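*Asks:*
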Amino acid sequence: MKSKSLLLYAFAYLAFLYVPVLVLPVFSFNDSQFIAFPLSGFTTRWYGALAGDSAMQHALGNSLKVGIITALLSTMLGLAAARAVTRYRLRGAGVALGFISLPLFIPDIVLGLSLLMLLGAVGLPRSLAAVVLGHLLVCVPFALTVLIARFEGFDKNLEEASADLGEDSWMTFWRITAPLMLPGITASLLLTFITSFDEFLVAFFLSGTEATLPIYIWGQLRFPERLPMVLALGAVILVASVVLVICAEYVRNLGVKNRVVGA
Amino acid sequence: MSFLSVSNVSKSFGGAAVVNDVSLEVARGEFFALLGPSGCGKTTLLRMIAGFETPDSGTIAIDSEAMNTVPPHLRPTNMVFQSYAIFPHLNVFDNIAYGLRKLKLSKDQLRARVEAMLATVRLEGLGARAADQLSGGQRQRVALARALVREPKILLLDEPLGALDKRLREAMQVELRAIQRKVGITFLLVTHDQEEALSLSDRVAVMHQGRILQIADPRILYERPNCREVADFIGEMNFFHATVREIAGVSATLNAGLLGLITLPTANLAPGIKADDHILLAIRPEHVRFAASGVAGDIAASTFLGERSHFHVRIAGRSEPVFVSGSAPPIGAVHLDFPPEKLIGLPT
Numbered sequence: 000m001k002s003k004s005l006l007l008y009a010f011a012y013l014a015f016l017y018v019p020v021l022v023l024p025v026f027s028f029n030d031s032q033f034i035a036f037p038l039s040g041f042t043t044r045w046y047g048a049l050a051g052d053s054a055m056q057h058a059l060g061n062s063l064k065v066g067i068i069t070a071l072l073s074t075m076l077g078l079a080a081a082r083a084v085t086r087y088r089l090r091g092a093g094v095a096l097g098f099i100s101l102p103l104f105i106p107d108i109v110l111g112l113s114l115l116m117l118l119g120a121v122g123l124p125r126s127l128a129a130v131v132l133g134h135l136l137v138c139v140p141f142a143l144t145v146l147i148a149r150f151e152g153f154d155k156n157l158e159e160a161s162a163d164l165g166e167d168s169w170m171t172f173w174r175i176t177a178p179l180m181l182p183g184i185t186a187s188l189l190l191t192f193i194t195s196f197d198e199f200l201v202a203f204f205l206s207g208t209e210a211t212l213p214i215y216i217w218g219q220l221r222f223p224e225r226l227p228m229v230l231a232l233g234a235v236i237l238v239a240s241v242v243l244v245i246c247a248e249y250v251r252n253l254g255v256k257n258r259v260v261g262a
Numbered sequence: 000m001s002f003l004s005v006s007n008v009s010k011s012f013g014g015a016a017v018v019n020d021v022s023l024e025v026a027r028g029e030f031f032a033l034l035g036p037s038g039c040g041k042t043t044l045l046r047m048i049a050g051f052e053t054p055d056s057g058t059i060a061i062d063s064e065a066m067n068t069v070p071p072h073l074r075p076t077n078m079v080f081q082s083y084a085i086f087p088h089l090n091v092f093d094n095i096a097y098g099l100r101k102l103k104l105s106k107d108q109l110r111a112r113v114e115a116m117l118a119t120v121r122l123e124g125l126g127a128r129a130a131d132q133l134s135g136g137q138r139q140r141v142a143l144a145r146a147l148v149r150e151p152k153i154l155l156l157d158e159p160l161g162a163l164d165k166r167l168r169e170a171m172q173v174e175l176r177a178i179q180r181k182v183g184i185t186f187l188l189v190t191h192d193q194e195e196a197l198s199l200s201d202r203v204a205v206m207h208q209g210r211i212l213q214i215a216d217p218r219i220l221y222e223r224p225n226c227r228e229v230a231d232f233i234g235e236m237n238f239f240h241a242t243v244r245e246i247a248g249v250s251a252t253l254n255a256g257l258l259g260l261i262t263l264p265t266a267n268l269a270p271g272i273k274a275d276d277h278i279l280l281a282i283r284p285e286h287v288r289f290a291a292s293g294v295a296g297d298i299a300a301s302t303f304l305g306e307r308s309h310f311h312v313r314i315a316g317r318s319e320p321v322f323v324s325g326s327a328p329p330i331g332a333v334h335l336d337f338p339p340e341k342l343i344g345l346p347t
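Chains A and B are the protein sequences, given in the same order.
Going by numbering that gives the first Met the number 0, the first sequence wraps up at 262, each residue one higher than the last.
Going by numbering that gives the first Met the number 0, the second sequence wraps up at 347, each residue one higher than the last.
Following this line, the structure appears as structure tokens:
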């Protein structure tokens, strides 16, 4: 009896999680401007409108650019910092880690506002580059957390063994560290990309005239007749995310095969 | 000039001296062991020779070349790590071939060299095996092969048999010695296992608290330890307090308390012991004999071990029992005989 009610709870919880998300694709195929039941018919015209909306595509391009650059930069920075704190005895490493992670706990609105004032103070224009800088603040702590966990999971003797066998630190990185860190690097790239891709507040303050996708969507909400198209856009993003996560899982499973054994 | 020369090397971590003014010389082709309890600095010394740690002072030279400023990847040493450090993303063949990249061998030459090494460590046909499908003993062999295939001047082994079970360990000891004879490379072994050090090595350095106490071949180390720590660490030993009364040429007379007045060969005393010194008299359990007369005692505990047995014999005026190893004693009260030629005198 008890297990039955638990099962019920589990289903209710899953429904709460996923039914709202599923509403998105359902209404994106609904042949009506109004988001209401009953559904009035099947159409793909919202997707057609999406394909023809150059402003949306421009915003998407901006978001992809910002997301990819942010993911690459923050993962590279995170890799260097994670290696430093896990491989060397560093004075003040704990304090440095604390400061790097602090932006995680600063509300994005405060972060966005202060960056905006900083830009103004040094006389730089608002731009996508400024958005990347802002996103780095938010993403590096994520990258660092993921990568430190992965570094701690592998025997540092492996890198020493590589040096012992005649490879300098650069070749050791390519032959040992990078392949063993690949699952961590992939996870970090994905996490930072997604974080940057759907970040709104910092981008809102810093992007200036170049909108990123979340800002574009926010702008579209003012026009009720465009709402179904936004739903179609949401559905596309949803599918793309699922594909991305499946790919990431695949890479991670490749990594599990190489799970590092301590002794 | 010796092959490996460590001179006055010291290293401290956070103010604590881990290796303290250590000097040692190892000859070409020698099987040399650094023996000591954990934390004695032996692994740090090994890692300084490999280049993973830098000495605070002192010099390390290999084949007359100073090593202090040479980074690990350029040193003529290779190491078998305690954890083996087998590269988990590479198979056995690629693990062994890892250190041969710079030699730019042709594919056939590379294959021949790796196959030959696989044969040396008796892993023929396992080249394609993935790293995570190896047993403990096989991992140990791969680690050994991966280091030996580079034909280092010195092979460094950090507790290489520690992770193996007792049976496998004994088999690998025999094999390690055979491989060393075959390849003729100088082996430097770090271990806390005295049996392993004694049975494998040509010479052993006993380390304690960052210092080397004694460097000698295994027999000397066992029969003539130069201090209490070495005597204690290598095998079992009984100690008695004594005072030197007189040293007259080849024989010395001691007042040994419970054991009475004893005359023994001067050669049995550690160097530097003079008349009137308080010393420790030491004797191995297998040298103490049950006799018809001598020091009276009674057996407090005994362990039957087949041909020989171990006995704890309590004697009057001494809190700890005397450890005796021998065949069955007479029933009841016993008398112990301490043959003077088997007693050795050590500084307190």
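Just so it is clear, CB atoms sit at the ideal spot from N, CA and C, and this is done for glycine as well.
As the structure is a prediction and not an experimental result, all values here were calculated from the model.
Can you give the Cα-Cα distance for S6 (chain B) and E169 (chain B), rounded to whole angstroms?
*Replies:* Indexing the second sequence from 1 puts residue 6 (chain B) at position 7. Indexing the second sequence from 1 puts residue 169 (chain B) at position 170. Approximately 33 Å, taken between the alpha carbons.
*Asks:* Taking beta-carbon pairs under 9 Å, can you tell me which members of the stretch 161-179 of chain A lie near chain B?
*Replies:* Listed by position, the residues of the stretch 161-179 of chain A near chain B (Cβ gap below 9 Å) are S161, A162, D163, L164, G165, E166, D167, S168, M170, T171, R174, I175, P178 and L179.
*Asks:* Look at the Cβ atom of V91 (chain B), then the Cβ atom of G126 (chain B), and state whether they are nearer than 8 Å.
*Replies:* Taking the first residue of the second sequence as 1, we reach residue 91 (chain B) at position 92. Taking the first residue of the second sequence as 1, we reach residue 126 (chain B) at position 127. Yes, the pair counts as a contact, with Cβ atoms nearer than the cut-off.
*Asks:* Name the chain B residues whose beta carbon is nearer than 7 Å to that of L157 (chain A)?
*Replies:* Within the first sequence, numbered from 1, the residue matching residue 157 (chain A) stands at position 158. Correct list: A84 and F86.
*Asks:* Please list the terminal residues of the continuous beta strand (DSSP E) segment that includes F98 (chain A).
*Replies:* Against the first sequence, residue 98 (chain A) aligns to sequence position 99. No beta strand (DSSP E) holds F98 (chain A); the alpha helix (DSSP H) holding it covers A92 to S100.
*Asks:* Residues of chain A with a CB under 8 Å from the CB of P71 (chain B): which are they?
*Replies:* In the second sequence, residue 71 (chain B) corresponds to position 72, counting from 1. Result: E159, A162 and D163.
*Asks:* Just the C-alpha distance for E235 (chain B) and A281 (chain B), rounded to the nearest angstrom, thanks.
*Replies:* Counting from 1 along the second sequence, the entry for residue 235 (chain B) is found at position 236. Counting from 1 along the second sequence, the entry for residue 281 (chain B) is found at position 282. E235 (chain B) and A281 (chain B): Cα-Cα distance of roughly 10 Å.
*Asks:* Mapping DSSP to helix, strand and coil, what is H309 (chain B)?
*Replies:* Here the question's residue 309 (chain B) lines up with position 310 in the second sequence. Residue state, collapsed to three classes: strand.
*Asks:* Cβ closer than 8 Å: which chain B residues qualify as neighbours of D324 (chain A)?
*Replies:* Nothing in the structure corresponds to residue 324 (chain A), since chain A is present only between 0 and 262.
*Asks:* Looking at the C-beta of K10 (chain B), does it have a partner C-beta in chain A at a distance below 8 Å?
*Replies:* Residue numbering aside, residue 10 (chain B) sits at position 11 when the second sequence is read from its first letter. So, not an interface residue.
*Asks:* What residues in its chain sit with their C-beta under 6 Å from that of F28 (chain A), if we drop five residues either side in the sequence?
*Replies:* For the purposes of this step, residue 28 (chain A) is taken as residue 29 along the first sequence, with counting starting at 1. Cβ within range, chain order: F41.
*Asks:* For G98 (chain B), return the contacting residues in chain A, with the cut-off set at a CB-CB distance below 7 Å.
*Replies:* What you label residue 98 (chain B) is simply residue 99 of the second sequence in a count that begins at 1. Within chain A, the residues near G98 (chain B) are L164 and G165.
*Asks:* Based on the DSSP secondary-structure assignment, which residues constitute the bridge partners of L279 (chain B)?
*Replies:* Here residue 279 (chain B) refers to the residue found at position 280 when the second sequence is read from its first residue. For L279 (chain B), which the question treats as bridged, DSSP gives the partners B:H240 and B:L345.
*Asks:* If you draw a straight line from the C-alpha of Q137 (chain B) to the C-alpha of T42 (chain B), how long is it?
*Replies:* For the purposes of this step, residue 137 (chain B) is identified with residue 138 of the second sequence, where counting begins at 1. For the purposes of this step, residue 42 (chain B) is identified with residue 43 of the second sequence, where counting begins at 1. The alpha-carbon atoms of Q137 (chain B) and T42 (chain B) are separated by roughly 23 Å.
*Asks:* What's the gap between the Cα of M75 (chain A) and the Cα of V139 (chain A)?
*Replies:* The residue labelled residue 75 (chain A) in the question sits at position 76 within the first sequence. The residue labelled residue 139 (chain A) in the question sits at position 140 within the first sequence. When rounded, the distance between both Cα atoms is 9 Å.
*Asks:* Note down, in chain order, every chain A residue with its Cβ under 7 Å from the Cβ of A49 (chain B).
*Replies:* Indexing the second sequence from 1 puts residue 49 (chain B) at position 50. Simply D163.
*Asks:* Classify D157 (chain B) as buried or exposed, calling it buried when 16 or more other Cβ atoms lie within 10 Å of its own Cβ.
*Replies:* Counted from its first residue, the second sequence places residue 157 (chain B) at position 158. Buried, since its Cβ has 16 or more Cβ neighbours within 10 Å.
*Asks:* Hey, is N77 (chain B)'s beta-carbon within less than 8 Å of any beta-carbon in chain A?
*Replies:* The residue you call residue 77 (chain B) lines up with position 78 of the second sequence. Cβ-Cβ to chain A under 8 Å: yes for N77 (chain B).
*Asks:* So with Cβ pairs under 8 Å, would you call K101 (chain B) a contact of chain A?
*Replies:* Within the second sequence, the letter at position 102 stands for residue 101 (chain B). Yes, because at least one Cβ of chain A sits closer than 8 Å to the Cβ of K101 (chain B).
*Asks:* Under three-state DSSP, which class holds L143 (chain A)?
*Replies:* Taking the first sequence and counting its residues from 1, one reaches residue 143 (chain A) at position 144. L143 (chain A): helix per DSSP, three-state reduction.
*Asks:* Can you find a C-beta in chain A that's less than 8 Å from the C-beta of R145 (chain B)?
*Replies:* Sequence index remark: in the second sequence, residue 145 (chain B) carries index 146 (1-based). Chain A, which has a Cβ nearer than 8 Å to the Cβ of R145 (chain B), makes this yes.
*Asks:* DSSP has R210 (chain B) in a bridge; who is on the other side?
*Replies:* As a working note, residue 210 (chain B) is residue 211 in the second sequence. R210 (chain B) pairs with B:H207.
*Asks:* Quick one, which of A:I214, A:L188 and A:F199 has its alpha-carbon nearest V244 (chain A)'s?
*Replies:* As a position in the first sequence, residue 244 (chain A) is number 245, starting the count at 1. Closest option to V244 (chain A), Cα to Cα, is A:L188.
*Asks:* As a quick exercise: from B:R27, B:M47 and B:V18, pick the residue whose alpha carbon is nearest that of G35 (chain B).
*Replies:* Here residue 35 (chain B) corresponds to residue number 36 of the second sequence, with the count starting at 1. Here the closest residue by C-alpha is B:V18.
*Asks:* Using a Cβ-Cβ cut-off of 7 Å (strictly less than) and excluding sequence neighbours within five positions of T191 (chain A), which residues of its own chain qualify?
*Replies:* In the first sequence, counting from the first residue as 1, residue 191 (chain A) sits at position 192. Contacts found: T69, A70, S73, T74, C138, F141 and A142.
*Asks:* Determine the chain A residues that contact R149 (chain B) at a beta-carbon separation under 8 Å, and present them in chain order.
*Replies:* Locating residue 149 (chain B) in the second sequence gives position 150, where the first residue counts as 1. Per Cβ cutoff of 8 Å: L164 and G165.
*Asks:* When the Cβ atoms of the stretch 214-229 of chain A are set against those of the stretch 167-181 of chain A, are three or more pairs found closer than 8 Å?
*Replies:* In short, these stretches do not touch, since the Cβ pair count stays below three.
*Asks:* For L45 (chain B), name the three-state secondary structure that DSSP assigns.
*Replies:* For the purposes of this step, residue 45 (chain B) is taken as residue 46 along the second sequence, with counting starting at 1. If DSSP states are grouped into helix, strand and coil, L45 (chain B) belongs with the helices.
*Asks:* Which word fits A262 (chain A), buried or exposed, when buried means at least 16 other C-beta atoms lie within 10 angstroms of its C-beta?
*Replies:* Looking up residue 262 (chain A) in the first sequence gives position 263. Confidence at A262 (chain A) is low in this model, with a pLDDT of 33, below 50, so its placement is unreliable and no value can be given for it.
*Asks:* Taking only the alpha-carbon atoms, compute the straight-line gap between Y83 (chain B) and G38 (chain B) and give it to the nearest angstrom.
*Replies:* What you label residue 83 (chain B) is simply residue 84 of the second sequence in a count that begins at 1. What you label residue 38 (chain B) is simply residue 39 of the second sequence in a count that begins at 1. C-alpha separation (whole angstroms): 20 Å.
*Asks:* Between H134 (chain A) and the rest of its own chain, which residues show a CB-CB distance below 7 Å, the 5 nearest in sequence each way excluded?
*Replies:* Along the first sequence, one-based indexing puts residue 134 (chain A) at 135. Around H134 (chain A): V65, T69, S195, E198 and V201.
*Asks:* List the whole-angstrom C-beta distance separating N77 (chain B) from L154 (chain B), where the pair is believed to meet the contact cut-off of C-beta under 8 Å.
*Replies:* Start at 1 with the first residue of the second sequence, and residue 77 (chain B) comes out as number 78. Start at 1 with the first residue of the second sequence, and residue 154 (chain B) comes out as number 155. So it is a contact: roughly 6 Å between Cβ atoms.
*Asks:* Rounded to whole angstroms, what is the Cα-Cα separation between D107 (chain A) and V120 (chain B)?
*Replies:* As a position in the first sequence, residue 107 (chain A) is number 108, starting the count at 1. As a position in the second sequence, residue 120 (chain B) is number 121, starting the count at 1. Whole-angstrom Cα-Cα distance: 60 Å.
*Asks:* Identify every run of the alpha helix (DSSP H) within the stretch 31-85 of chain B, keeping only runs that are complete inside it and at least 4 residues long; order them along the chain.
*Replies:* With a minimum length of 4 residues, the continuous alpha helix (DSSP H) runs that stay inside the stretch 31-85 of chain B are 41-49.
*Asks:* Reducing DSSP to helix, strand and coil, say where H334 (chain B) ends up.
*Replies:* Numbered from 1 along the second sequence, position 335 holds the residue referred to as residue 334 (chain B). The answer is strand: DSSP assigns H334 (chain B) an E or B state.
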